[in-house]
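A short write-up of the structure that comes next.
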Ligand SMILES: *Cc1c(COP(=O)(O)O)cnc(C)c1O
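In the numbering used here, the protein residues as written are 33 to 401.
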């Protein structure tokens with residue numbers, strides 16, 4: 033049996049007629065940039081996130097960068113984040129000319145440990161970027177309490193967590209902004225690059241919508257430095273077809289996660305640490321990530337058996353060569369280092385079958401026994 037990490041083909045065949053019609057409508061309209069599809073998606077995603085504003089942008093990385101710019105983050109500032117995330121989180125900070133300041137993670141959720149944030153705050157600290165890794169939100173009330181006390185901004189990197197909640201509130205309801213990525217492999221994926229920012233703050237929404245069009249308002253008059261970072265109509269049309277299914281897909285991911293956890297607990301209790309959904313959180317399982325010993329050997333074995341897996345992430349950001357000048361070293365963030373050695377993500381997508389999941393777990397069992 034072959035089990036891919038992600039297979040989007042069944043989803044496409046279910047949506048194909050509607051998708052072709054939606055794309056044909058865009059081409060027939062000849063309106064390709066910032067038209068009715070982007071508007072509709074912004075309205076729907078804002079409502080879904082329970083906030084008044086959404087700004088469609090070119091991708092999830094720009095969504096973080098534009099959020100930081102709108103919050104006034106600039107050269108000489110510091111922005112606190114986790115080293116155990118995708119590069120774009122810290123890349124966006126550096127693109128503002130600011131310095132990423134890393135804080136270790138909570139080993140249970142893999143998210144930034146709020147108890148370690150305050151000791152890193154200096155007069156230069158302008159913002160915190162918690163990342164809702166793998167689809168589970170960070171401890172937002174504690175993070176907001178710290179940010180409010182020090183008068184700093186919070187940008188939630190929700191690239192992996194659209195639909196997740198913490199104490200009943202959505203991504204975007206806590207932070208000054210929250211950013212989504214619609215990269216094709218994300219829980220809501222376009223057929224190319226796309227992203228969006230949601231916010232409760234009208235002034236930030238206004239600034240961000242100007243930054244995405246070269247800082248131009250009115251057209252050809254530039255008061256702020258922006259660039260071209262628009263979500264295009266073709267991608268928005270694809271996302272409008274997919275969006276009504278998002279909750280149903282999240283529920284399927286959660287059901288797949290329950291199946292993995294039951295199978296793994298039954299057979300591999302002492303070999304595998306299964307993901308934990310913290311009681312006040314709704315996890316949308318962008319990834320189903322376990323911790324194991326001999327992780328790389330397990331991955332090679334599973335590959336031979338036809339089971340794809342991924343390592344998110346093998347090298348924490350504090351030790352990435354591009355950030356060498358920040359002066360961090362391995363060992364500065366022990367929990368992040370440990371996660372980078374032990375974490376492995378199993379195949380996860382709504383259409384994954386129980387038969388495939390049983391096979392994945394059988395292969396893991398064979399490896400350890
Ligand atoms: C995917 C991702 C991004 C970047 O999104 P793109 O749309 O690929 O630019 C940022 N942060 C995290 C945590 C991600 O997973």
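All C-beta atoms in this analysis are idealised placements derived from N, C-alpha and C, irrespective of residue type, glycine included. Keep in mind that this is a model prediction, so the values were computed, not measured.
Taking one beta carbon from each stretch, the region 342 to 359 and the region 304 to 316 have fewer than 3 pairs nearer than 8 Å; the two do not touch. In the structure shown, residue 65 falls within a strand segment according to DSSP collapsed to helix, strand and coil. Within the same chain, 196 and 197 come within 7 Å of residue 314 by CB-CB distance, once the 5 residues on both sides are set aside. The closest CA to that of residue 260, considering only 209, 253, 247 and 294, is found on 247. When secondary structure is reduced to three states using DSSP, residue 213 falls in the strand class. Per DSSP, the continuous alpha helix (DSSP H) segment holding residue 96 begins and ends at 92 to 102. The Cβ-Cβ distance between residue 304 and residue 194 does not fall below 9 Å.
Note that the C-beta distance between residue 368 and residue 37 is not below 9 Å.
Taking all protein chains in view, the Cβ of residue 48 is surrounded by fewer than 16 other Cβ atoms within 10 Å, so the residue is classified as exposed. In the structure shown, the three-state DSSP call for residue 195 is coil.
With distances taken between CA atoms, residue 190 lies nearest to 164 out of 205, 202 and 164.
Beta bridge pairing from DSSP links residue 112 with 133 and 160. Screening all residues for a C-beta within a distance smaller than 6 Å of any heavy atom in ligand 1 leaves 91, 92, 93, 117, 118, 120, 121, 163, 189, 191, 192, 213, 215, 225 and 227, in chain order. Taking residue 237 as reference, the option from 211, 281, 216 and 225 with the minimal CA-CA separation is 211. The C-beta distance from residue 285 to residue 316 rounds to 6 Å, short enough to fall under 8 Å.
Cβ atoms of residue 119 and residue 142 stay farther apart than 8 Å, at about 16 Å.
In the same chain as residue 382, and ignoring 5 residues on each side of it, the C-beta atoms closer than 7 Å to its own belong to 281, 284 and 285, in chain order. A buried status is given to residue 161, since no fewer than 16 other beta-carbon atoms sit within 10 Å of its beta-carbon. When C-beta atoms of the region 97 to 116 are compared with those of the region 126 to 137, three or more pairs fall below 8 Å, so the two segments count as touching. Per DSSP, reduced to three states, the secondary structure at residue 378 is strand. Straight through space, the alpha carbons of residue 200 and residue 365 are spaced by roughly 31 Å. According to the DSSP secondary-structure assignment, residue 85 is paired through a beta bridge with 231. For residue 174, the enclosing alpha helix (DSSP H) has its first and last residue at 172 to 182. Within the DSSP bridge table, the entry for residue 320 names 378 as partners. In this structure, DSSP gives residue 138 a state outside helix and strand, which the three-state scheme calls coil. Contact between the region 174 to 181 and the region 143 to 155 is established, with three or more Cβ pairs separated by less than 8 Å.
Unbroken alpha helix (DSSP H) runs of no fewer than 4 residues, entirely contained in the region 284 to 316, are not found. Bounds of the beta strand (DSSP E) holding residue 188 are 185 to 189.
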